[in-house]
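Only one structure is covered here, and it is reproduced in the block below.
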Amino acid sequence: MVTEENWKLLEELALSSGASAVKRVDVTKVKRGQWPRMKCQYGCAQYGNSLCCPPYTPTLSEMNRFLDEYKDGLLVQYSMPYPKEKGLDWQQFDIDITNGLHQVLLKVEKAAMMKNYYKAFALKAGRCRLCKVCNLKKCIHPEEARPSLEACGIDVFALAKDNGFDAGIFTGIVDKVSVYGMVLIE
371 MVTEENWKLL
381 EELALSSGAS
391 AVKRVDVTKV
401 KRGQWPRMKC
411 QYGCAQYGNS
421 LCCPPYTPTL
431 SEMNRFLDEY
441 KDGLLVQYSM
451 PYPKEKGLDW
461 QQFDIDITNG
471 LHQVLLKVEK
481 AAMMKNYYKA
491 FALKAGRCRL
501 CKVCNLKKCI
511 HPEEARPSLE
521 ACGIDVFALA
531 KDNGFDAGIF
541 TGIVDKVSVY
551 GMVLIE
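First residue of the sequence shown: 371, per the working numbering; consecutive thereafter.
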């Protein structure tokens, strides 16, 4: 069980590392299903292009058994203003926001481990952006790479919405983009 003092330390670390918001979550209530993985396979152009995404990640039943080993988690929101200039390099923006979130999650994971919550494990929404192109053979960032929330069968939109965040599909011009991750802590 995470102490109140340690929750505060982890939350403060996430915020001081760049998170825009954090929220404690009961992992047992996180909505999961087969459909997030199906959306990876049928709907994502990156399917099969990263060792952190299906089909390279463990199966849904393996992921469910893994998630069942946790009760607590820290949901992290990471936001960046959406640049409105012409010629925006969307790929670079995606790399920046994804890797920004990833670094926050890894800092929180490490801090939790150093507080003797040795099972701490970070997951983030979306594909891995640690390499420009994944070699699909052996990860060259094994200490940093983590499976995506979707690969775990987690409904990321429900996770955010159920915890008070305004998450959804962009249907028009936005001022900022927010992405989400979670550090499982036990």
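Quick reminder that beta carbons are idealized off the backbone N, C-alpha and C, glycines included. It should be emphasised that the depicted structure is a prediction, and the values quoted were computed from it without experimental measurement.
Since residue i and residue j are thought to touch, with beta carbons under 8 angstroms apart, how far apart are those beta carbons, to the nearest angstrom?
i: valine 478; j: leucine 383; result: 6 angstroms
i: glycine 360; j: leucine 430; result: Given that the chain is displayed from residue 371 to residue 556, the structure contains no residue 360 and the question cannot be resolved.
i: methionine 450; j: lysine 546; result: 6 angstroms
i: glycine 413; j: aspartate 525; result: About 14 angstroms separates the two Cβ atoms, so there is no contact after all.
i: valine 474; j: serine 387; result: 5 angstroms
i: alanine 521; j: arginine 407; result: 7 angstroms
i: valine 392; j: valine 446; result: 5 angstroms
i: glutamate 381; j: leucine 476; result: Wrong, their Cβ atoms sit about 16 angstroms apart, outside the cutoff.
Exposed or buried, what is residue i when buried is set at 16 or more other beta-carbons lying within 10 Å of its beta-carbon?
i: tyrosine 448; result: buried
i: phenylalanine 491; result: buried
i: alanine 389; result: buried
i: proline 453; result: exposed
i: glycine 442; result: Residue identity check: residue 442 is aspartate in the sequence provided, not glycine. Aspartate 442 comes out buried.
i: leucine 471; result: buried
i: leucine 506; result: exposed
i: lysine 494; result: buried
i: leucine 458; result: exposed
i: isoleucine 634; result: In the structure as shown, the chain starts at 371 and stops at 556, and residue 634 therefore has no counterpart that could be examined.
i: valine 372; result: buried
i: tyrosine 488; result: exposed
i: valine 553; result: buried
i: threonine 398; result: exposed
i: valine 544; result: exposed
i: threonine 427; result: buried
i: alanine 482; result: buried
Let me know the secondary structure DSSP gives residue i once reduced to three states.
i: proline 360; result: With the chain represented from 371 up to 556, any question about residue 360 goes unanswered, as that position is not in the structure.
i: alanine 391; result: strand
i: methionine 552; result: strand
i: lysine 378; result: helix
i: aspartate 442; result: strand
i: valine 547; result: strand
- Please list the segments of the alpha helix (DSSP H) lying wholly inside the stretch 458-491, counting only runs of 4 or more residues, in order along the chain. Unbroken alpha helix (DSSP H) runs of no fewer than 4 residues, entirely contained in the stretch 458-491, are found at 460-484, following chain order.
- Query: Fully enclosed by the stretch 490-519, which alpha helix (DSSP H) runs are 4 residues long or longer?
  - Reply: Taking only runs of at least 4 residues, no alpha helix (DSSP H) segment lies wholly in the stretch 490-519.
- Message: Is it the case that the stretch 415-434 contacts the stretch 508-524, given that we only count it when at least three CB pairs across the two stretches are under 8 angstroms?
- Response: With the cut-off at 8 angstroms, the stretch 508-524 and the stretch 415-434 touch.
- Query: Is the stretch 432-440 close to the stretch 526-540, with three or more CB pairs under 8 angstroms?
  - Reply: In the pairwise beta carbon analysis, the stretch 432-440 is classified as not touching the stretch 526-540: fewer than three pairs are separated by under 8 angstroms.
- Quick one: any contact between the stretch 495-507 and the stretch 458-473, if contact means 3 or more CB pairs under 8 angstroms? Cβ pair count under 8 angstroms is three or more, so yes.
- Item | Residue ranges of each beta strand (DSSP E) within the stretch 381-437, 3 or longer | Given a length threshold of 3 residues, each whole run of the beta strand (DSSP E) inside the stretch 381-437 is given here in chain order: 391-396.
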